[in-house]
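Participant: One structure coming up, written as structure tokens, with questions to follow.
Numbering (the numbering used here), first residue to last: 11 to 402.
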């Protein structure tokens, strides 16, 4: 993996359709104690699953010792080649869940079975579908290479209809999240000075409407909307020859008119880490970021003005790729080696999985749930875990 910091030069700016640099320069401080791991530089890019080395492994390369663990996390069979990897999972409810991944894979769960979309040959290069988001069943957004794919509801593996918005450059769509009629799209532009963040109002007959492009920066890795007036991003903020560095950003707009002002302000918030950052989740109480080497950081709503995340101790040193929660005392994170941990408001605890005693443990990449008793976890080698009820 790549260590050392990321979005240098994105200190503070107001978004009004064009980027207007303000006179407020905020340099991310990496103060406090050093991370418990050494800060050697590695070479893995954050958007390339490290289990790709197992692409040629047989379907039995990752075999759970039991279908369910003591935590009630159970493996779920999918109509997917085990050589393929899942990168994102999201839904609008218990009977409408999507998962996407490598080779353009798109799966849907209707409350009873998972089905695989029959998309035909992938003619757009070796891209994977990296992000799926929906708020309603009839408004599905998927990052599909250098395109945004949109659906108006699942009608079956071959019957589901898709429309597309294609970017003219080669930057791939890496993150899609929204709230109400505002959808944020982050991209991996890999170009110095590239514009990696777009905001759309909705998807119309001719595609997404009212595109506004923001922010210098080479890549947006992940994003989450905590409310109609607040969005959090993790982005790659350095440029060669500097080592890769991730930064955390908060986009917000004034509370005037109920927080519907068109002017968004983006500010960097100090992650107090020089590790790679992979996941972010937030609600009205706090924002959480997770990353390399078990990195866990929290920004309480009451501490927003400090622009500094709080270091939180965790029980693992495996990389953490995804985080999702339901309340300030109910947050989950997932990562390498089938790692699952849970925050109860006081501390993080490692959760048992069906792979605990397996010889090989797939990385878990994404997590989403419709409720605390309905949690989905997706990962490498066609792995899908489901929590249907809490353990006693």
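Glycine included, each C-beta is placed from N, C-alpha and C at the ideal position.
1. Starting from the Cα of residue 346, find the closest Cα among 357, 247, 363, 371 and give me that residue.
2. At least one CB of chain C closer than 9 angstroms to the CB of residue 181: is that the case?
3. Is residue 99 closer than 9 angstroms to residue 151 when the C-beta atoms are compared?
4. Quick one: measure Cβ to Cβ for residue 350 and residue 369, integer angstroms, because I've assumed they're closer than 8 angstroms.
5. Taking the alpha carbon of residue 285 as the reference point, which residue from 296, 274, 291, 303 has its own alpha carbon closest?
6. Terminal residues of the continuous beta strand (DSSP E) containing residue 399?
7. Counting C-beta neighbours from all protein chains within 10 Å, is the total for residue 112 16 or more, i.e. buried, or is it exposed?
8. Using the C-alpha atoms, what's the distance from residue 81 back to residue 361?
9. Looking at the strands, I want to know which residues DSSP matches up with residue 99.
10. Distance check for residue 298 and residue 333, CA to CA, integer angstroms please.
11. Using only the alpha-carbon positions, how far apart do residue 300 and residue 125 sit?
12. In whole angstroms, what is the alpha-carbon distance linking residue 257 and residue 306?
13. Judging by CA-CA distance, which residue of 92, 143, 110, 129 is the nearest neighbour of residue 380?
14. Under three-state DSSP, which class holds residue 168?
15. Can you give me the start and stop residues for the beta strand (DSSP E) that residue 94 sits inside?
16. Quick one: give me the first and last residue of the beta strand (DSSP E) that residue 84 is part of.
17. Once the 5 residues before and after residue 176 are set aside, which same chain residues still bring their CB inside 7 angstroms of it?
18. Between which two residues does the beta strand (DSSP E) containing residue 278 stretch?
19. Straight-line CA distance for residue 117 to residue 223?
20. Taking just the CA atoms, how far does residue 393 sit from residue 84?
21. Run through DSSP, which three-state label would residue 316 get?
22. Ignore the nearest five residues each way along the sequence and tell me which others in residue 76's own chain have a CB closer than 6 angstroms to its CB.
23. Does DSSP classify residue 114 as helix, strand or coil?
24. Helix, strand or coil for residue 60 per DSSP?
25. In the DSSP output, what is residue 218 paired with across the bridge?
26. In chain order, what residues of the same chain lie with their CB nearer than 7 angstroms to the CB of residue 61, ignoring the 5 residues before and after it?
Facilitator: So, to answer that:
1. If you number the chain shown from 1, residue 346 lands on position 336. The residue from 357, 247, 363, 371 with its alpha-carbon nearest to that of residue 346 is 371.
2. Absent from the structure: chain C. Only one protein chain is present.
3. Position 141 of the chain shown, counted from the start, is the residue given in the question as residue 151. Position 89 of the chain shown, counted from the start, is the residue given in the question as residue 99. Using a Cβ distance threshold of 9 angstroms, residue 151 and residue 99 do not count as a contacting pair.
4. For the purposes of this step, residue 350 is taken as the residue at position 340 of the chain shown. For the purposes of this step, residue 369 is taken as the residue at position 359 of the chain shown. Not really, about 18 angstroms apart at Cβ, beyond 8 angstroms.
5. On the chain shown, residue 285 is found 275 positions in, with the first residue counted as 1. Distance check between residue 285 and each of 296, 274, 291, 303 places 303 closest, using alpha-carbon atoms only.
6. Along the chain shown, read from residue 1 onward, the residue named residue 399 stands at position 389. First-last for residue 399: undefined, no H or E at that position.
7. For this step, residue 112 is matched to residue 102 along the chain shown. Buried, by the Cβ-count rule.
8. Stepping through the chain shown from its first residue, residue 361 is reached at position 351. Stepping through the chain shown from its first residue, residue 81 is reached at position 71. Residue 361 and residue 81: Cα-Cα distance of roughly 7 angstroms.
9. By one-based count along the chain shown, residue 99 stands at place 89. 109, per the DSSP bridge assignment.
10. Residue 333 sits at position 323 when you count from the first residue of the chain shown. Residue 298 sits at position 288 when you count from the first residue of the chain shown. Near 8 angstroms, if we compare the C-alpha coordinates of residue 298 and residue 333.
11. Position 290 of the chain shown, counted from the start, is the residue given in the question as residue 300. Position 115 of the chain shown, counted from the start, is the residue given in the question as residue 125. Straight-line Cα distance between these residues: approximately 30 angstroms.
12. To locate residue 257, count along the chain shown from 1; it is residue 247. To locate residue 306, count along the chain shown from 1; it is residue 296. Spanning the two alpha carbons is a distance of roughly 14 angstroms.
13. To locate residue 380, count along the chain shown from 1; it is residue 370. Nearest option by C-alpha distance: 143.
14. Locating residue 168 in the chain shown gives position 158, counting from the first residue. Coil at residue 168, not helix or strand.
15. In the chain shown, residue 94 corresponds to position 84, counting from 1. It is not in any beta strand (DSSP E) - residue 94 carries neither H nor E in the DSSP assignment.
16. Taking the chain shown and counting its residues from 1, the one referred to as residue 84 is at position 74. Run containing residue 84: 83-85, per the beta strand (DSSP E) assignment.
17. As a first step, residue 176 must be located in the chain shown, where it is residue number 166. Excluding positions up to five away in sequence, the list reads 156, 157.
18. Position 268 of the chain shown, counted from the start, is the residue given in the question as residue 278. From DSSP, the beta strand (DSSP E) with residue 278 extends over 274-279.
19. As a working mapping, residue 117 is identified with position 107 in the chain shown. As a working mapping, residue 223 is identified with position 213 in the chain shown. Using only the alpha carbons, I get a separation of about 30 angstroms.
20. Here residue 84 is taken as the residue at index 74 of the chain shown, counted from 1. Here residue 393 is taken as the residue at index 383 of the chain shown, counted from 1. Computed Cα separation, rounded: 11 angstroms.
21. The residue you call residue 316 lines up with position 306 of the chain shown. Three-state result, residue 316: helix.
22. As a position in the chain shown, residue 76 is number 66, starting the count at 1. Correct list, in chain order: 364.
23. By one-based count along the chain shown, residue 114 stands at place 104. Residue 114 falls in the helix class under three-state DSSP.
24. Walking along the chain shown from the start, residue 60 turns up at place 50. Residue placement at residue 60 is flagged as unreliable, the pLDDT there being 40, under the threshold of 50; a coordinate-derived value is accordingly withheld.
25. On the chain shown, position 208 is the one that residue 218 refers to. Residue pairing of residue 218 in beta bridges, as defined by DSSP: 213.
26. Against the chain shown, residue 61 aligns to sequence position 51. Caution is warranted here: a pLDDT of 36 is assigned to residue 61, below 50, making its placement in the model unreliable, and no coordinate value can be reported.
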